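*Asks:*
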Amino acid sequence: DIKMEFEVARMEPLFATQADYDAFTARHNGHNVKTADLSTYKGNCYLGIDAGSTTTKIALAGEDGSLLYSFYSSNNGSPLATAINSLLPADAHIVHSCSTGYGEALLKAALMLDDGEVETVAHYYAAAFFDPDVDCILDIGGQDMKCIKIKNQTVDSVQLNEACSSGCGSFIETFAKSLNFTVQDFAKEALF
294 DIKMEFEVAR MEPLFATQAD YDAFTARHNG HNVKTADLST YKGNCYLGID
344 AGSTTTKIAL AGEDGSLLYS FYSSNNGSPL ATAINSLLPA DAHIVHSCST
394 GYGEALLKAA LMLDDGEVET VAHYYAAAFF DPDVDCILDI GGQDMKCIKI
444 KNQTVDSVQL NEACSSGCGS FIETFAKSLN FTVQDFAKEA LF
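In our numbering, the protein residues as written are 294 to 485.
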């Protein structure tokens with residue numbers, strides 16, 4: 294008969310109480326993208342598509358930068374099919390379009406978009422829209438993680454975690470499923 298006595302070292306929870314989490318959520322909810330109603334919007338629209346390794350994200354912005362439409366979904370291995378099925382409103386007057394992410398070139402060619410942008414540069418443009426003095430961006434993606442350093446309004450360096458995907462979106466989702474959790478319930482458990 295083998296008996297083992299030891300204590301597993303555990304990290305402290307991200308939030309000690311529900312009140313701590315509620316305060317965090319309230320603070321972060323104060324920094325949302327300005328939105329506008331597409332059905333009443335008059336003017337030019339700008340389309341951005343991020344065809345990532347595991348998800349496809351679409352944003353339609355107005356001339357003032359307000360978000361008129363957004364879409365976020367698993368791409369199920371086909372970012373092009375996901376983008377086509379995103380139900381983008383047909384009455385939007387799109388004057389410029391751009392793609393980024395792993396599927397940047399594919400979507401640009403297939404949908405005849407105006408531009409494609411390197412993902413790290415796209416991240417910088419987005420971050421600088423909200424904070425022109427941004428100097429560091431962390432990108433936790435589906436397959437990798439990047440730390441993007443900004444210097445003089447330019448991407449200066451990128452550190453990429455490419456040897457191990459633990460902590461990335463697809464790893465967390467797969468691990469959650471192996472424990473019979475949805476990724477949403479798994480994340481909630483991890484908070485406390």
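All C-beta atoms in this analysis are idealised placements derived from N, C-alpha and C, irrespective of residue type, glycine included. Just so it is clear, the structure is predicted and the values come from calculations on it, not from any experiment.
1. Just mark residue 400 as buried or exposed, buried being the case when its beta carbon has 16 or more other beta carbons within 10 Å.
2. How about the stretch 323–336 and the stretch 298–308: do they share at least three Cβ pairs that are nearer than 8 Å?
3. Spell out the partners DSSP gives residue 452 in its beta bridges.
4. Let's test the definition: count the other Cβ atoms within 10 Å of the Cβ of residue 333 and tell me whether it reaches 16, buried, or not, exposed.
5. Among 481, 421 and 387, which residue has its Cα nearest to the Cα of residue 442?
6. What does DSSP give as the partner residue(s) for residue 341 in the beta ladder?
7. In chain order, what residues of the same chain have a beta carbon less than 7 Å from the beta carbon of residue 398, not counting five sequence neighbours either side?
8. Using a Cβ-Cβ cutoff of less than 6 Å, which residues in the same chain neighbour residue 367 once the five nearest sequence positions on both sides are dropped?
9. Tell me which same chain residues have a C-beta within less than 8 Å of the C-beta of residue 438, skipping the five on either side of it?
10. Helix, strand or coil: how does DSSP classify residue 328 here?
11. For residue 378, tell me which candidate among 363, 302 and 358 has the shortest Cα-Cα distance.
12. Mind checking residue 450: buried by the 16 CB within 10 Å criterion, or exposed?
13. I believe residue 342 touches residue 383 by the beta-carbon criterion, under 8 Å. Please report the beta-carbon distance rounded to the nearest angstrom.
14. Looking at the structure shown, is residue 400 part of a helix, part of a strand, or coil, going by DSSP?
15. I need the DSSP call for residue 314, collapsed to helix, strand or coil.
16. Quick one: what does DSSP say residue 360 is sitting in, helix, strand or coil?
17. Residue 393: buried (16+ other C-beta within 10 angstroms of its C-beta) or exposed?
18. From which residue to which residue does the alpha helix (DSSP H) around residue 478 run?
19. Between the C-alpha atoms of residue 331 and residue 419, what's the straight-line distance to the nearest angstrom?
*Replies:* With the structure as the only source:
1. On the sequence shown, position 107 is the one that residue 400 refers to. Answer is buried; the Cβ neighbour count reaches 16.
2. no
3. Along the sequence shown, one-based indexing puts residue 452 at 159. Answer is 440.
4. As a working mapping, residue 333 is identified with position 40 in the sequence shown. Exposed, because fewer than 16 other Cβ atoms sit within 10 Å of the Cβ of residue 333.
5. In the sequence shown, the residue the question calls residue 442 occupies position 149. If we check each option's Cα against that of residue 442, 421 comes out closest.
6. Position 48 of the sequence shown, counted from the start, is the residue given in the question as residue 341. Its beta-bridge partners are 352 and 391.
7. Start at 1 with the first residue of the sequence shown, and residue 398 comes out as number 105. Taken in chain order, the residues that qualify are 409.
8. Position 74 of the sequence shown, counted from the start, is the residue given in the question as residue 367. Within the same chain, residue 367 has close Cβ partners 348.
9. Numbered from its first residue, the sequence shown carries residue 438 at position 145. Excluding positions up to five away in sequence, the list reads 431, 432, 453, 454, 460 and 461.
10. Locating residue 328 in the sequence shown gives position 35, where the first residue counts as 1. Correct three-state label for residue 328: strand.
11. The residue given as residue 378 occupies position 85 in the sequence shown. Closest option to residue 378, Cα to Cα, is 363.
12. Along the sequence shown, one-based indexing puts residue 450 at 157. Result: exposed.
13. The residue you call residue 342 lines up with position 49 of the sequence shown. The residue you call residue 383 lines up with position 90 of the sequence shown. So it is not a contact: roughly 16 Å between Cβ atoms.
14. Here residue 400 refers to the residue found at position 107 when the sequence shown is read from its first residue. Residue 400: helix per DSSP, three-state reduction.
15. In the sequence shown, counting from the first residue as 1, residue 314 sits at position 21. Helix, per DSSP.
16. One-based indexing of the sequence shown puts residue 360 at position 67. Reduced to three states, the DSSP call for residue 360 is strand.
17. Within the sequence shown, residue 393 is the residue found at index 100, counting from 1. Residue 393 comes out buried.
18. Along the sequence shown, read from residue 1 onward, the residue named residue 478 stands at position 185. First-last of the alpha helix (DSSP H) with residue 478: 476–484.
19. Indexing the sequence shown from 1 puts residue 331 at position 38. Indexing the sequence shown from 1 puts residue 419 at position 126. The alpha-carbon atoms of residue 331 and residue 419 are separated by roughly 21 Å.
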